[in-house]
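Here is the structure we will look at.
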Amino acid sequence: MPQPSRQIAVIASVAILAISIVFVTQRILTHYLNSAQDEAGREVAFVVEQDESVNSIATRLHASELIRSPSYFRFLVGLSGDDQDIVAGEHTLDTSMTTSKIIDTLTSEDAASIQEVTVQFIEGWRSEQYAEVLIEAGLIATVDDFMNATRLARWNNEFDFLHTRPSSVGLEGYLFPDTYSFRTDSTPEDIISILLQTFDDRVPFELRSGAAAIGLTLHQTITLASIVEREAAVEDERPVISSVYTNRIIANMPLQADPTVQYEHGVAGDWWPVLTPEDLRRDGRYNTYLNPNLPPGPICNPGLASIEAALDPTDTDFLFFVATGDGSHAFATTFDEHQRNIEQYR
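Here it is, written out as structure tokens:
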């Protein structure tokens, strides 16, 4: 019968051998999993999206042939506590990098290049149309995200020109239309702040102060400009169209502006619907057929030319106009003249 000491020695030897095998295997496996996919090297531009999960990043790194194992990547990230430190933006990686080196690069602020996306907002668009373009560009998730951000109380504190604006109407009219480049990590608030700052820069105080000279607040002026923007297709007609509405305001006549009714009835997919006679008779805050004077707020975001037209309308006696079919309008001083224009062009 073997001696107990000999049995212990045998068991110890087997245990040591097993541990050695596990250790060597683990070292070999770790070295393999951490090793570069391609020693020759191939540069890869890899973009980490804002708030992207580690699982998603690992899967895409593997698909890009940058790492051998998504599971090992997740393990190393979790082990080092770097899961909260991966930097959004564009990273220059290489297939010759080890998994550890890739993690170091992804967590380096200096290594990330934040991408920018260029979007264009057209004069005469309403805020929801801005939001749809931002969604297409991958900058926001939903229209509501953007619209809710336009209703934040902070904007009145940050931009003096908003002080005559009722908070109930949001920022319609003040999101200046232009071509912008936004960082891919921008929030809705970041984007709105840039749009408002552009309004502040492009509509200088000297121009804004002209509102008081014509007896309007800045908010009323931007509201009038937004109607002109939606009505005018011919550049030279903007101040003439503005004169029609200004004359109607002075005469205490309803504006009877179709775009204001369209604004109230617009829905996703059809923000500026064709109106029916019933629409014109339907009560609503923006129905300028039923309500006198200007609506509560702007109906779109006007460009500078329409704002200037609202502040400096042409001196006319016109009270009516009708579309001629080629983008221009026929203007009239009397209702009878207007009726003749309607018969001619419709």
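If you want my numbering, it's the 1-based position in the sequence shown plus 99. Where is the CB? At the ideal position from N, CA and C, for every residue including glycine. Keep in mind it's a predicted model, so treat the numbers as computed, not measured.
Note to self: Would the region 283-296 count as touching the region 385-397 if we require 3 or more Cβ pairs under 8 Å?
What the structure shows: no
Closest to Ile313 by CA distance: which of Ser342, Arg301, Leu295 is it? Ser342
Practice item. Confirm, please, whether the CB-CB distance from Glu436 to Glu328 is below 7 Å. Key: no
* Looking only at C-alpha atoms, which of His262, Glu138, Gly269 sits nearest to Arg250? -> Gly269
- prompt: Helix, strand or coil for Asp289 per DSSP?
  reply: helix
| request: Could you have a look at Ala139 and say whether DSSP puts it in helix, strand or coil? | output: coil
Quiz item: DSSP beta-bridge partners for Gln219?
Solution: Thr278
Q.
Here's a check: name, in chain order, each residue in its chain whose Cβ is nearer than 7 Å to the Cβ of Thr124, leaving out the five neighbours to either side.
A. For Thr124, the predicted structure reports a pLDDT of 48, less than 50, and the residue's modelled location is therefore unreliable. A value from the coordinates is still provided. If we look at Thr124 and ignore the five residues flanking it on each side, it has no Cβ neighbours.
**Report entry** Candidates Asp284, Val216, Gln319, Tyr444, of which the one nearest Thr278 by Cα
**Finding:** Val216
Handout entry: Length at least 4, wholly inside the region 305-336: the alpha helix (DSSP H) runs in chain order
Key = 309-312, 317-330
Flag this pair as yes or no: are the beta carbons of Val339 and Ser427 separated by less than 7 Å? no
- Task: Tell me whether Glu330 is buried or exposed, calling it buried when 16 or more other Cβ atoms sit within 10 Å of its Cβ.
- Result: buried
Checklist line | Secondary structure of Asp244, DSSP reduced to three states | finding: helix
Can you tell me where the beta strand (DSSP E) holding Leu251 begins and where it ends? That residue, Leu251, is in no beta strand (DSSP E); it is neither H nor E in DSSP.
Suppose you measure from the CA of Leu128 to the CA of Arg167; what does that come to, to the nearest Å? With a pLDDT of only 47 at Leu128, under the threshold of 50, the placement of this residue in the model should not be trusted, and no figure is reported.
* **Through-space distance from Ser199 to His190, alpha-carbon basis** => 15 Å
Practice problem: Leaving aside the five residues before and after Phe172 along the sequence, list all residues of the same chain whose C-beta is less than 6 Å from its C-beta, in chain order. | Solution: Ala157, Ile166, Thr198
Worksheet item: If you pair each beta-carbon of the region 254-266 with each one of the region 297-317, do three or more pairs fall below 8 Å?
Response: yes
**Item:** Pick from Tyr444, Gln355, Pro303, Phe434 that is closest to Leu410, judged by C-alpha positions
**Value:** Pro303
Please state the DSSP three-state secondary structure of Asp382. coil
Over what stretch of residues does the beta strand (DSSP E) that includes Ala230 continue unbroken? No beta strand (DSSP E) holds Ala230; the alpha helix (DSSP H) holding it covers 226-235.
### Task
State whether the region 375-385 contacts the region 412-429, with contact taken as three or more CB pairs (one from each stretch) at a distance under 8 Å.
no
query = How would you call Arg347, buried or exposed, if buried means at least 16 neighbouring beta carbons within 10 angstroms?
reply = buried
> What number of angstroms, rounded off, separates the C-alpha of Leu178 from the C-alpha of Ala139?
Replying inline: 29 Å
**Asked** Excluding five sequence neighbours on each side, which residues of the same chain lie with their C-beta closer than 8 Å to the C-beta of Pro265?
**Response** His318, Pro395, Gly396
Margin query: Taking its Cβ as the centre, do 16 or more other Cβ atoms sit within 10 Å of Arg253, making it buried, or is it exposed?
Written below: exposed
- Query: Glu436 by DSSP, collapsed to three states: which one?
  - Reply: helix
Three-state secondary structure (DSSP) of Gly424
coil
(Q) Between which residues of its own chain and Phe420 is the CB-CB distance below 6 Å, once the five residues before and five after are set aside? (A) Val343, His428, Phe430
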